[in-house]
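Novice: Structure provided below as structure tokens; questions to follow.
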Amino acid sequence: MLYRQVYDALRDEIRAGLPAVGERLPSEVELTERFDVSVITVKHALDLLRREGYITRRPRVGTLVVSADPAPRGRPPPAAPP
1 MLYRQVYDAL
11 RDEIRAGLPA
21 VGERLPSEVE
31 LTERFDVSVI
41 TVKHALDLLR
51 REGYITRRPR
61 VGTLVVSADP
71 APRGRPPPAA
81 PP
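Okay, here's the thing in structure tokens:
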């Protein structure tokens, strides 16, 4: 599935710090051109990244990286040391 390839590539880049937390991802149009896929494919990949906690999407702002290593779903984040 193409969306999974786009998702894997973007996730790996985010984990490597490119772009860093707080930075924007390229626009959907730029990503469609980069990966040579449809807008729907890019939207599906971005939705997976959002659901897993890597990015947030904001109208008129763009897609921002919020975590390079989100906590697995269903498990709470590790507790802070005492």
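Numbering (full-length UniProt numbering), first residue to last: 1 to 82. Using N, Cα and C, we set each Cβ at its ideal position, and we do this for glycine too.
When you compare the region 34-51 with the region 4-12, are there three or more beta-carbon pairs, one atom per stretch, that lie closer than 8 angstroms?
Specialist: With a cut-off of 8 angstroms, the region 4-12 and the region 34-51 count as touching, because enough Cβ pairs lie within range.
Novice: Hey, how far is the Cα of T63 from the Cα of L31?
Specialist: Numbered from 1 along the sequence shown, position 63 holds the residue referred to as residue 63. Numbered from 1 along the sequence shown, position 31 holds the residue referred to as residue 31. The alpha-carbon atoms of T63 and L31 are separated by roughly 12 angstroms.
Novice: Specify the secondary structure class of L25 as computed by DSSP and reduced to three states.
Specialist: Taking the sequence shown and counting its residues from 1, the one referred to as residue 25 is at position 25. It is coil, neither helix nor strand.
Novice: Identify the continuous alpha helix (DSSP H) that holds A60 and give its terminal residues.
Specialist: Walking along the sequence shown from the start, residue 60 turns up at place 60. Just to set this straight, residue 60 is Arg in the shown sequence, not Ala. Looking at the DSSP string, R60 is not in any alpha helix (DSSP H), and its letter there is neither H nor E.
Novice: I40 bridges to which residues according to DSSP?
Specialist: On the sequence shown, position 40 is the one that residue 40 refers to. Partner(s): none; I40 has no beta bridge.
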